Amino acid sequence: MSHIVILTGAGISAESRLGTFREKDGLWTKYDLNEVATPEGFARNPDLVHAFYNARRANCRNAQPNAAHAALARLQKEHGGRVTIVTQNVDDLHERAGATDVIHMHGTLSGALCAACDHRWTAPLAMSTDDPCPTCKEMATRPDIVWFGEMPYHMDEIYHHLTGADLFVAIGTSGNVYPAAGFAAEAQSAGVETIELNLEPSATANSFDTARFGPATRIVPLWVA
Ligand code: BJW
């Protein structure tokens, strides 16, 4: 029974019209990441950060999974072994395509988190600084998103899967953000075969044994077939 671990990034959702981060027209060319994706930015201006994530939550609701998400969900159903999807994406397009074994290492747009007591609940479409925590009643509600300087979620589980996998595949990620950018090297040094599927070579291209380049909706279904 083989175990495939798949890391996905913004590129897999690009053709569902959810923006990427670092490309021309990417989110980080329009927004200062220090203001909208750090705990310090949230402390300075929570209204700005809520507005940023409220807009992305609305975009996500209107987006549809594409052929690449569907191909991975099909692979999970049809592969004889286990297929674990580790996504850096905060959208829910893998799940809406039918995927089941999905780890959201950077959190989810659908989640709200209380910074005071760690209680988690489903985020309303529009979050605001006026929402108290339903459990402890503190005014410490934030999006359940991993910002720069914060520890990504499920790291022990991810490293366990990575080092015990038979195949590691990275799809649509630029390889600029750690620790995810180190997964291919980690897998390779554990003797795991590594494949990159991306529009263009990532910053960590030398950690992959093989690569295929092109839009995810074309190359992912071809790879799965
Ligand atoms: C297509 C396509 C199509 C386009 N088809 N492909 C080591 C060295 C230096 C710094 C650090 C380090 N370790 C940690 C750091 C600090 C920092 C970091 O990495 N900084 C770098 C900028 C250098 N990391 C952190 O702070 C992380 N926390 C942390 O490290 O905690 C300590 C720790 C240490 C050790 C172990 C464990 C923990 C937290 C990072 C949080 C990232 N948060 C964000 C925003 C929040 C989520 C959100 O709002 O959505 O997450 S940043 C943003 O980047 C987002 C993404 O998930 C993430 C990755 O971006 P991604 O997915 O790669 O997108 P792009 O735009 O960069 O690339 C898109 C790709 O798709 C491109 O390659 C295109 O070609 C391709 N593409 N169209 C196929 N149609």
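Counting with our numbering, you get residues 1 to 225 for the letters of the sequence shown.
For glycine and all other residues, C-beta sits at the position ideal for the given N, C-alpha and C.
Just so it is clear, the structure is predicted and the values come from calculations on it, not from any experiment.
Buried/exposed call for residue i, threshold 16 Cβ in 10 Å
i	result
Gly175	buried
Pro125	The sequence given here has Leu at residue 125, not Pro. Leu125 is exposed by the Cβ-count criterion.
Asp91	buried
Arg56	buried
Met155	exposed
Whole-angstrom C-beta distance between residue j and residue i, which should lie under 8 Å
i	j	result
His3	Ala165	5 Å
Ala140	Ala181	Not really, about 31 Å apart at Cβ, beyond 8 Å.
Glu103	Thr122	Sequence inspection shows Ile at residue 103; the Glu mentioned does not correspond to that position. In fact, because the Cβ distance is near 19 Å, the residues do not count as touching under 8 Å.
Phe148	Ala37	6 Å
Pro221	Ala68	7 Å
Gly98	Ala73	4 Å
Glu15	Asn54	Their Cβ separation, rounded to whole angstroms, is 24 Å, which puts Glu15 and Asn54 out of contact at 8 Å.
Thr8	Asn89	6 Å
Glu150	Pro39	7 Å
Residue range of the unbroken beta strand (DSSP E) whose run includes residue i
i	result
Thr194	193-198
His106	That residue, His106, is in no beta strand (DSSP E); it is neither H nor E in DSSP.
Thr8	3-8
Asp91	Where Asp91 is concerned, there is no enclosing beta strand (DSSP E), given that its DSSP letter is neither H nor E.
Pro143	141-145
Ile171	167-171
Thr20	Neither: Thr20 is in no beta strand (DSSP E) and is coded neither H nor E.
Phe213	210-213
Proximity test, residue i beta-carbon vs the ligand BJW heavy atom, cut-off 7 Å
i	result
Met127	no
Glu15	yes
Trp147	yes
Gln88	yes
Ser174	yes
Arg22	yes
Ala170	no
Ser110	no
Leu75	no
Ser202	yes
Pro179	yes
Ala185	no
Gly41	no
Ala216	yes
Met155	yes
Span of the alpha helix (DSSP H) around residue i
i	result
Thr122	Counting along the chain, Thr122 falls outside any alpha helix (DSSP H), though it belongs to the beta strand (DSSP E) covering 120-122.
Ala70	67-78
Phe183	183-189
Asp25	Element bounds for Asp25: n/a, residue is neither H nor E.
His160	155-164
Within-8 Å CB hit, residue i to chain D
i	result
His104	This model lacks chain D altogether, as it is built from one protein chain only.
Okay, do the segment 107-117 and the segment 46-63 touch, 3+ Cβ pairs below 8 Å being the bar?
-> For the pair of segments examined, the segment 107-117 was found to touch the segment 46-63: the number of CB pairs separated by less than 8 Å reaches three.
Is it true that the segment 129-143 meets the segment 14-34, where meeting means three or more beta-carbon pairs spaced less than 8 Å apart?
-> no
At least 3 beta-carbon pairs within less than 8 Å: the segment 201-215 vs the segment 182-192 | yes
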